[in-house]
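Peer 1: Can you read through this structure? Questions will come right after.
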Amino acid sequence: MSAVLGPERPQVVSHIQQALSYTVFDCKWVPRSARLLCLGSAARGTGVLQLYELHGARLELLREIKKPKPIKCGTFGATSLQQRYLATGDFDGNLNIWNLEAPEIPVYSVKGHKEIINSIDGVGGLGIGEGAPEIVTGSRDGTVKVWDPRQNDTPVANMESAQGDSKRDCWTVAFGNAYNQEERVVCAGYDNGDIKLFDLKTMSVRWETNIKNGVCSVEFDRKDINMNKLVATSLEGKFHVFDMKTQHPTKGFASVSEKAQKSTIWQVRHLPQNRDIFMTSGGSGSLHLWKYEYPAQRSKKDSEGIEMGVAGSLSLLQNVTLSTQPISSLDWSPDKKGLCVCGAFDQTVRVLIVTKLNKI
Amino acid sequence: MPVWLREHSWRQTLSAVYLSLPLRGARATPANIFCSEQYLKVSIPPFLFEAVLYAPIDDTNSTAKIGNGNIFFTLYKKEPAMWDSLTLANADKEKLQNLRENAVLKAQEKAKEETEAKKIAKQEHKKYALEATMKVEEAERKRIEDLKENERQKVAKELELWKNQQKDGDKYKSIQKKEELHQEIEPLKERKNEKMNKTQIPNEGTSKTRLKSTRGHGSSSIFSQNLKEEQLPAPRAAATIKVNFTPRVFPTALRESRVAEEEEWLHKQAEARRIINSDLSELEDLKEEEKNPDWLKDKGNKMFAMGDYLGAVNAYNLAVRLNNKLPLLYLNRAACHLKLRNLHKAIEDSSKALELLTPPVPDNEKARVKAHVRRGTAFCQLELYTEGLQDYEAALKIDPRNENIEKDAEKIRHLIQGTMQSS
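Protein sequence lines, in the order shown, are assigned to chains G and Y.
For the first sequence, UniProt numbering assigns the number 1 to the initial residue and increments by one for each residue that follows.
For the second sequence, UniProt numbering assigns the number 1 to the initial residue and increments by one for each residue that follows.
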């Protein structure tokens, strides 16, 4: 592990802490603005959406929207920059897309799943990448469904169990490989440690593996390029970085894994401005900032002459403990490098600034 | 008796006495010399020299030099005066003794005082050292804090700046949007051309005040959005991908650290199913497979399906003798007894099955429903309708969606009401 020492290391500065009166499950920056959104569940079991704006050393509440069901996750990934509609998944399995200017009636709504939607991701919007805008949701009912906002009621892809009864909770989903209009993959992580990569062009399972611990979060380093790296975090403090450039027919993708701490790693998020830097948030309320270094050769031939990938190495740039409760959600601002927001189960949302990222 | 050393020689000045004491071959160390204000003793067994001095001396400053086979004392007088002799001439025994004792006591006190003083001095030094380190650490900490504060403030300022730029950017975007709306009336192509012209001019003005990252992006994306909408591919053809999961018995998430415990539990469960009550002498007559309760259960099931209820009961009986902890055996035997109209036995078996099916988990739901239904049927056939209804209702509670159970429960209710009215 190479070391960036002393005062040159990136510092994580806690800029604003805001106490909330509800449990926050997800927090997201509104693209192209200094506003952020907090989604969660009030004590009464109703859903809450709050829109804040950065105002000096504090957050100013611009808007509060109440919904009948608690909201678990949200994304701006599939809307255009003009519209900036928010897609949310709630505890009842409903997928809704909201126009935040007029949030009483959703722009799109479907009861997508029988149980809580654990995770949501969007691709094709925000001027990033090409192809149709799509939203993928992963739920406790064991299915992963891909939706197109132009098609009502039925998903455009449905990944469900082949064996009828048996199902495992899907905890996380992510889009990737969306570098042209046809190609797209969805990566899903389940509670029994399975990670599956679904290719939407061929509608098949492209790769699957099991990392021996329930998978809490998966993310590609960039959604809109040829698959480069995938980070999967799990229970028991471990996370794996897979090199997705070269797929070996039997061994799959090369990976390097790291055990950062004893508790669950809830989220991983890559820095939008530098795809080799990512932050992991832990169950002990800590944040770790990592840098991935590529190996000298990214692929080599194995004993039979088939190409296989070579995993690189990880170095810890900084770590900081902000809370005693797990930090369950994390989001980097796509507009300001180093600005991020995190929400923890101690009912606070914190705006952080990570300095010196230019020097990495 | 010690050997007295008497060959000492001395001389004096006004303020000091110089005493030279030859040692007859003995070696002296500082421990052998004892001196107090008016008493001097050198004791090197078996030699002894003592002197009750003529006048008091300053024993702290006086010195003794040991070397060359003799000891050279330099004693500083307390009062500068010439002594008549080194020792007090008319010293009687008692006085000598007193003097000696006093001298010893005094010496001891002195020693004590010295140690006390040393201790205090040590503590003082420690305290001082501690305070000094604390100060140094404080200074270090403060320096780091200051660095962090500076960073924080710098970063906060940058953020404000960025935020204001965002706000401006938004304002301009909304202005451009309004312009767009005005032109909705004209046909599509013309609209596009006009937009291109109109929005380029204000764009040049705004690009300077916006952040680099958003320069020109806003307006270009406004109409590129329209173009994009026409170029977006149609929604995907719906398809389903079938997924196979890595098998896992427990409904909880997989944790590496618990795998060992879980394996152990599963193992135990498997073991429990294979226990054989081995004190049955008839076991030797049976074939290997007939000793397996599962195999016997399957046999019983097959015979039940074919209608051979007595045979099924026999099979289940043997299985129960081998392993009386399997609830399914009792459950199935209850069904057989129902068919054979051995109603009391059916009730017994269903009850036993229910007992074994604790704790009530989703896993054994179906089995419990069956047990309740069978027991309920038996009760009803015995005309104990209230008990029967209780069982049916219990079954409904576990599985509220089963219509057959509902219908039967209704029937029983009617029957009860019928009998109550008539009686």
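A virtual CB, placed ideally from N, CA and C, is assigned to each residue, including glycine.
Quick caveat, the model's predicted, so the values are computed rather than measured.
1) Is the CB of G/V13 under 8 Å away from at least one CB in chain Y?
2) Might you give, ordered along the chain, the residues of its own chain that have their beta carbon closer than 8 Å to the beta carbon of Y/S15, omitting 5 neighbours on each side?
3) Got a sec? Which residues, its chain only, sit under 6 Å from Y/M1 by beta carbon, not counting five neighbours each side?
4) Determine the extent of the alpha helix (DSSP H) in which Y/Y392 is found, giving its start and end residues.
5) Report buried or exposed for Y/H414, applying the criterion of at least 16 other Cβ atoms within 10 angstroms of its Cβ.
6) Given a threshold of 16 other Cβ atoms within 10 Å of its Cβ, counted over all protein chains shown, does Y/L328 qualify as buried or as exposed?
7) Taking the alpha helix (DSSP H) that G/V48 belongs to, which residues open and close that run?
8) Near G/G252, what residues of its chain come up, given a Cβ to Cβ distance below 7 Å and the 5 sequence neighbours on each side ignored?
9) Contact check, G/T264 vs G/L230 under 8 Å by CB: the rounded distance?
10) Using the DSSP secondary-structure output, state which residues sit across from G/R63 in a beta bridge.
11) Do Y/W162 and G/K67 have their CB atoms nearer than 8 Å?
12) Please report the straight-line C-alpha distance between G/K201 and G/Q325, rounded to a whole angstrom.
13) Thinking C-alpha only, which one of Y/S85, Y/L19 and Y/V3 is nearest Y/W10?
14) For the beta strand (DSSP E) containing G/W266, name the first residue and the last one.
15) Does Y/D294 come out as helix, strand or coil in the three-state DSSP assignment?
16) Looking at C-alpha atoms only, which residue of G/E258, G/A232, G/G125 and G/K167 is the closest neighbour of G/L314?
17) Given this structure, state the Cα-to-Cα distance separating Y/G307 from Y/V249, to the nearest angstrom.
18) By alpha-carbon positions, which one of G/Q82, G/S204, G/G305 and G/E64 ends up nearest to Y/Y172?
19) Based on Cα-Cα distance, which residue from G/L339, G/N274 and G/E304 lies nearest to G/E293?
20) Does G/V185 come out as helix, strand or coil in the three-state DSSP assignment?
21) Comparing C-alpha positions only, which one of G/R35, G/E60, G/P70 and G/L59 sits nearest to G/S46?
22) I want to verify the contact list: residues of chain Y whose CB lies under 8 Å from the CB of G/A157, in sequence order.
23) Answer yes or no: does any C-beta atom of chain Y fall closer than 8 Å to that of G/V4?
24) Within 10 angstroms of its Cβ, does Y/H337 collect 16 or more other Cβ (buried), or is it exposed?
25) Could you list which residues in chain Y have their beta carbon closer than 8 Å to that of G/S139, in chain order?
26) Report back the beta-carbon spacing between G/W171 and G/R269 to the nearest angstrom; my notes put them in contact at under 8 Å.
27) Quick one: measure Cβ to Cβ for Y/R236 and G/V156, integer angstroms, because I've assumed they're closer than 8 Å.
28) Go ahead and label Y/K118 buried or exposed: buried means 16 or more other beta carbons lie within 10 angstroms of its beta carbon, across all protein chains shown.
29) Going by beta carbon distance, what residues of the same chain come within less than 6 Å of G/G343, once the five residues before and after it are set aside?
30) With three or more C-beta pairs closer than 8 Å as the rule, is the segment 124-133 of chain Y touching the segment 286-303 of chain G?
31) When you compare the CB of Y/V369 with every CB in chain G, is at least one pair closer than 8 Å?
32) Would a check of beta-carbon distances place G/M203 closer than 8 Å to chain Y?
33) What in chain Y is Cβ-close to G/Y52, meaning under 9 Å?
34) By DSSP, does G/M244 sit in helix, in strand, or in coil?
35) Strictly below 8 Å CB to CB, what residues from chain Y border G/D194?
36) Contact check, Y/W83 vs Y/Q12 under 8 Å by CB: the rounded distance?
Peer 2: According to the structure data:
1) Residue-level contact by beta carbon holds for G/V13 and chain Y, with a gap shorter than 8 Å.
2) Y76, K77 and P80
3) Nothing listed; no residue qualifies.
4) Y385 to I398
5) exposed
6) buried
7) G/V48 -> not in any alpha helix (DSSP H); beta strand (DSSP E) instead, spanning G47 to H55.
8) W207 and T209
9) About 19 Å; that fails the 8 Å criterion.
10) G/L51
11) no
12) 41 Å
13) Y/L19
14) I265 to L271
15) Three-state DSSP puts Y/D294 in a helix.
16) Between G/L314 and the set G/E258, G/A232, G/G125 and G/K167, the nearest pair of CA atoms involves G/E258.
17) About 35 Å.
18) The candidate whose alpha carbon is nearest that of Y/Y172 is G/Q82.
19) When only C-alpha atoms are compared, the closest one is G/N274.
20) strand
21) One point to set straight first is that residue 46 of chain G is Thr, not Ser, in the sequence displayed. The option with the nearest alpha carbon to G/T46 is G/P70.
22) Neighbours of G/A157 in chain Y, taken as residues at a C-beta separation under 8 Å, are given in chain order as R236, A238, A239, T240 and I241.
23) Low confidence applies here, because G/V4 scores a pLDDT of 49, under 50, leaving its location unreliable; read the following figure in that light. Not closer than 8 Å to any Cβ of chain Y, the Cβ of G/V4 fails to qualify, so no.
24) Y/H337 is buried by the Cβ-count criterion.
25) Under the 8 Å cutoff, chain Y gives no residues; its nearest Cβ is about 13 Å from G/S139.
26) Going by Cβ atoms, the distance from G/W171 to G/R269 rounds to 16 Å, so no, they are not a contact pair.
27) 4 Å
28) Classification for Y/K118: exposed.
29) V24, C27, S329 and V349
30) no
31) The C-beta of Y/V369 comes no closer than 8 Å to any C-beta of chain G.
32) yes
33) Going along chain Y, no residue has its Cβ under 9 Å from G/Y52, so there is no contact; the nearest lies around 12 Å.
34) strand
35) F245 and T246
36) Right, the Cβ-Cβ distance comes to about 6 Å (below 8 Å), so this counts as a contact.
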